[in-house]
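So the mapping is simple: this note's numbering equals the position in the sequence shown, first residue as 1, plus 176.
The beta carbon of each residue, even a glycine, is placed where N, CA and C say it ideally should be.
For reference, the structure is listed below as C-alpha cells.
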Amino acid sequence: MAPLLQLQGINWMVRKAMSLSTPTLQIKQYTDEAGKVHIDIELTATAGIKGTESRTLDWEPVSLTHGMFGPVESRSRFYTGKVEMQSEGVENDVQFLDADTLANGDASSWSEGSDPKHVQTVMVSKEGGWVAEQTWGFEKIGGARYYTRRMVVSKSGKSERARLVYDLVH
Numbered sequence: 177m178a179p180l181l182q183l184q185g186i187n188w189m190v191r192k193a194m195s196l197s198t199p200t201l202q203i204k205q206y207t208d209e210a211g212k213v214h215i216d217i218e219l220t221a222t223a224g225i226k227g228t229e230s231r232t233l234d235w236e237p238v239s240l241t242h243g244m245f246g247p248v249e250s251r252s253r254f255y256t257g258k259v260e261m262q263s264e265g266v267e268n269d270v271q272f273l274d275a276d277t278l279a280n281g282d283a284s285s286w287s288e289g290s291d292p293k294h295v296q297t298v299m300v301s302k303e304g305g306w307v308a309e310q311t312w313g314f315e316k317i318g319g320a321r322y323y324t325r326r327m328v329v330s331k332s333g334k335s336e337r338a339r340l341v342y343d344l345v346h
C-alpha cells in the first residue's frame, strides 16, 4: 500500500500508521427508490483511523473533498467480464485488476470467475495528478474465501499495484 499512497502524495508518517493498523469494514449494500445500488462502508482501524466510504454504482462522476486526498472526482459501477481501465494503464494493470494475476505476475482469479458482477471504482485527483482504479470481489486464497480490493494508482506514466485482503465475518 505504501508505494500507492506515496504516488498519491501521502506523507511518510500517515503511510507508516496505515501500514501498522488493522482495518475493520462494515459493508452495507442497498437499492434506493430510484433503483440505484449503493454501497456504504464504515471503516474503523486500530490506528484510530475512522471513515465512511459511500459509493453509488451508477458510473456518474461525483466531486468531493476526501479527508486524505483533497478534492477528487469519483465514479463507481458493477461490471462483468473484463474491466475497462479509465487511466492509461498497461495490459499488466488490466490483468491485475481483473484478478488474472497477482502484482508479481503469478496467476490468480476471482473465486466466482469473471462472469459475476464485480465493483469498479475510479478516483481522479486533478490537483495531485493521479488516478486510482480499484476492483472489488472475492478470491479463494489457500482454500479460503476472502473479500479483496485490487488497486492500481498511476501518475506521470508510473503505476503501482496493491491487493488488500479482508477476512469475512458473518
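query, result
"Secondary structure of Phe272, DSSP reduced to three states", "helix"
"Reference Pro272; option with closest CA among Glu249, Ser252, Gln296, Phe254", "Looking at the sequence provided, one finds Phe at residue 272 rather than Pro. Among Glu249, Ser252, Gln296, Phe254, the Cα nearest to that of Phe272 belongs to Gln296."
"Three-pair Cβ contact test at 8 Å for the stretch 322-329 versus the stretch 337-345", "yes"
"Cβ shell of Val238 (< 8 Å), same chain only, five flanking positions each side left out", "Thr232, Glu249, Ser250, Arg251"
"Ala283, enclosing beta strand (DSSP E) - first and last residue", "Ala283 -> no beta strand (DSSP E), and no H or E assigned at all."
"Cross-strand partners of Phe254 (DSSP beta bridge)", "Val295"
"DSSP state of Val190 mapped onto helix, strand, coil", "helix"
"Option nearest Met235 by Cα separation, candidates Tyr255, Asn280, Ser285, His242", "Checking the displayed sequence, the identity of residue 235 turns out to be Trp instead of Met. Of Tyr255, Asn280, Ser285, His242, the residue nearest in Cα terms is Tyr255."
"Per-residue DSSP class, three states only, for Ser335", "strand"
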